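Novice:
Numbering (the working numbering), first residue to last: -13 to 610.
1. As an exercise, report each continuous alpha helix (DSSP H) stretch of at least 4 residues that is fully enclosed by the region 473 to 520, in chain order.
2. Sort out for me which residues DSSP pairs residue 101 with in a bridge.
3. Kindly indicate which three-state DSSP category residue 390 falls into: helix, strand or coil?
4. Got a sec, what are the start and stop residues for the beta strand (DSSP E) residue 24 sits in?
5. Starting from residue 449, follow its DSSP beta bridges and name the residues at the other end.
6. Quick one: using the 10 Å Cβ neighbour count with 16 as the cut-off for buried, is residue 42 buried or exposed?
7. So residue 138 is in the alpha helix (DSSP H); what residue range does that whole segment cover?
8. Mind checking which residues open and close the beta strand (DSSP E) that includes residue 298?
9. In or out: residue 548 buried (at least 16 other Cβ within 10 Å) or exposed?
10. If you count every other CB in all the chains shown that lies within 10 Å of the CB of residue 517, and 16 or more means buried, which is it?
11. Give me the Cα-Cα distance between residue 290 and residue 473, rounded to the nearest whole angstrom.
12. Grab the span of the alpha helix (DSSP H) containing residue 314 for me, first residue to last.
13. Jot down the residue ranges of each uninterrupted beta strand (DSSP E) in the region 163 to 212, minimum 3 residues, whole runs only, in chain order.
14. So, with DSSP's three-state summary, where would you put residue 50?
15. Where residue 365 and residue 437 are concerned, what is the direct C-alpha to C-alpha distance, given to the nearest angstrom?
16. Among 559, 360, 426 and 301, which one has its Cα closest to the Cα of residue 1?
17. Given a cut-off of 8 Å, decide if residue 353 and residue 135 are closer than it, judged by their beta-carbon atoms.
18. Helix, strand or coil for residue 400? Go by DSSP, reduced to three states.
19. Tell me whether residue 367 sits in a helix, a strand or coil according to DSSP, three-state version.
20. If distances are taken between C-alpha atoms only, which option among 348, 188, 45 and 103 comes closest to residue 582?
21. State the start and end residues of the unbroken beta strand (DSSP E) segment that holds residue 353.
22. For residue 584, collect the residues of the same chain with a Cβ closer than 7 Å to its Cβ; drop the 5 residues on either side in sequence, then sort them by chain order.
23. Quick one: Cα of residue 622 to Cα of residue 9, how far?
24. Under 8 Å: do the region 272 to 286 and the region 69 to 76 share three or more Cβ pairs, one atom per stretch?
25. Would you tell me roughly how many angstroms separate the C-alpha atoms of residue 471 and residue 426, rounded to the nearest one?
26. Excluding the 5 residues preceding and the 5 following residue 242 in the sequence, name in chain order all residues of the same chain whose CB lies nearer than 8 Å to its CB.
27. Give me whichever residues DSSP pairs with residue 67 in a beta bridge.
28. May I ask you to verify whether the region 208 to 216 touches the region 53 to 62, counting CB pairs closer than 8 Å and requiring at least 3?
29. Would you mind working out which of 247, 202, 210 and 255 sits nearest residue 230, comparing C-alpha positions?
30. Rounded C-beta distance between residue 333 and residue 141? I'm assuming under 8 Å.
31. Pick out whichever of 251, 12, 211 and 536 has its Cα sitting closest to the Cα of residue 432.
32. Pick out the complete alpha helix (DSSP H) segments inside the region 244 to 295, 4 residues or longer, and give them in chain order.
33. Going by DSSP in three states, residue 132 sits in which element: helix, strand or coil?
34. Looking at the unbroken beta strand (DSSP E) that takes in residue 523, where does it start and where does it end?
35. Pull up the distance between the alpha-carbon of residue 336 and that of residue 234, whole angstroms please.
36. State the CB to CB distance for the pair residue -4 and residue 138, rounded to an integer number of angstroms; the pair is presumed to be in contact (CB under 8 Å).
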């Protein structure tokens, strides 16, 4: 049996899958150790990928060679673009997937890779020598050795499940938790915290009165995550598209919850850790928003070959008998039967300020952390971290330069910078509002931004790189044409403009200036310049966005140029700031604790003063 690898990945959730795949793509012999091989890629919470802010992460994963977007497209059963009525900066794709099919496809995908070996076992501790990880030891007594190790244990790290006043160890209902590994991390000196998350009950669709619910179908124009899906036959038929449904809680529901708070682990003090602010339990909603007379419940199908439904919006840790009463008080669910109860779960995490932006730990070399162990929540956040950790573990194993995305380049850059610089006092979730330059970092231009980086790393093939390069050329070509071709102010021209409810022209006007008008879209512009129709839809869309938002885009680019001068100015990670004159003791302590890698990261350390930043810039500029 092989026991030596370049990279070992611990955990088969979304972070672990992306980490193992990235490392293997970069030529590393990779071992993925997980508690149960049949739950690789399993969705512990709702069966959906993407959402506001999260869809951008999935698109970026795809541009960097990740798996999640491809599998979501292939196993999707409902497809929607969120925020369609708003601007492109906040539009996000969300795909409802077949939970079991997604899991099976993920396992199949990883099994096909020659560089990935799968092993079912529980990792009990890390093997560390001289502050450097060299392998792992499993519960069965097997020791595996590697150059780098990536930990992605999810909610299994000292997981404790709560259903009413009953609680028991578990990383997911029916599965064991990883207690020894958590103790080992504490022994090694990591500062740990504890967060709470939860999930909703799953119910039998045969017992739902769908006629009383509001149906929500897929978008007619199917949005997809992966660039690859656009270049191969789409494995989706109309028969496989399923609707979701909407209903609401009511006064009776809320009364049942209030009358049973004495049996809630949240409100009896049994659960002491911090929960997810943006996905609270139904108990929290009822208590914290007493003026709300109802809360939305979103019924999501689990797959095409099951009657199971997930009740999004009803996350709870109340006792099972209360869960049944609560559900049956809701319109459409009067006779519903629960298949799997909802539950709360507490788990340990490592304070993420103990990580470099590469997701390597500062305490132990060659050890990388990804996913909920870093204090995040959500499949997409975990997968994004897994990809970056897997890339950097592989690069370290090959003695190559590390890979970091900054805040101006990607949502992934914002996610990781927030974690390692600011830390988090609650489970972290990505939103578009966290991203300063979200007009530049849109879903629709992800591959234009990141594919070249992925190609240089070796994560995507030359055919995709060439295709993206060709699209960039077409975009530039069309933009150039629209900025130079002018329309004369003829009566015939003004008649057409009048029919389009836009002002007439008194002097020659470029097509670009005309397209800036709110009433004119690029297809209407084709009335004056039919060559537009010779360009692919994707190119037309990008050109239209670039022109209509040109002023705002230029403003964001100027802001980025202002901060670039010092944002990426490197700082040594082994420098002792206590010896640097001009800094207060508080600033010295913060800098020695966080060990920022750039001036930009130092600026974002909570409590860091402009005076301290000036001292750093002067000192290290001189040194350079």
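We put the CB at the ideal spot given by N, CA and C, even for glycine. Bear in mind the structure is a predicted one, so any value in this text is a computation, not a measurement.
Specialist: Per the coordinate set shown:
1. If one requires a minimum length of 4 residues, the alpha helix (DSSP H) runs lying completely within the region 473 to 520 are 477 to 485, 497 to 501 and 508 to 511, in chain order.
2. Residue 101 is not bridged to any residue.
3. coil
4. Counting along the chain, residue 24 falls outside any beta strand (DSSP E), and DSSP gives it neither H nor E.
5. According to DSSP, residue 449 bridges with nothing at all.
6. Buried.
7. Careful: residue 138 lies outside any alpha helix (DSSP H) and carries neither H nor E.
8. Residue range 294 to 298 is occupied by the beta strand (DSSP E) that includes residue 298.
9. exposed
10. exposed
11. Answer to the nearest angstrom: the Cα atoms are 53 Å apart.
12. 306 to 314
13. 178 to 185, 188 to 190 and 200 to 202
14. Per DSSP, reduced to three states, the secondary structure at residue 50 is coil, with no helix or strand assignment.
15. The alpha-carbon atoms of residue 365 and residue 437 are separated by roughly 22 Å.
16. 360
17. Between residue 135 and residue 353, the C-beta gap is smaller than 8 Å, which places the two residues in contact.
18. helix
19. helix
20. Between residue 582 and the set 348, 188, 45 and 103, the nearest pair of CA atoms involves 348.
21. 353 to 355
22. 553, 554, 555, 556 and 557
23. Here the chain comprises residues numbered -13 to 610, so residue 622 is not present and cannot be evaluated.
24. no
25. 26 Å
26. Within the same chain, residue 242 has close Cβ partners 308, 311, 312 and 315.
27. The secondary-structure analysis by DSSP pairs residue 67 across a beta bridge with 79.
28. Judged by pairs of C-beta atoms under 8 Å, the region 208 to 216 touches the region 53 to 62, as three or more such pairs exist.
29. 202
30. For a cut-off of 8 Å, the C-beta gap from residue 333 to residue 141 is around 4 Å, short enough to register as a contact.
31. 211
32. 268 to 274
33. strand
34. Looking at the DSSP string, residue 523 is not in any beta strand (DSSP E); the run it does join, the alpha helix (DSSP H), is 523 to 534.
35. 37 Å
36. Rounded, the Cβ-Cβ distance is 6 Å, consistent with contact.
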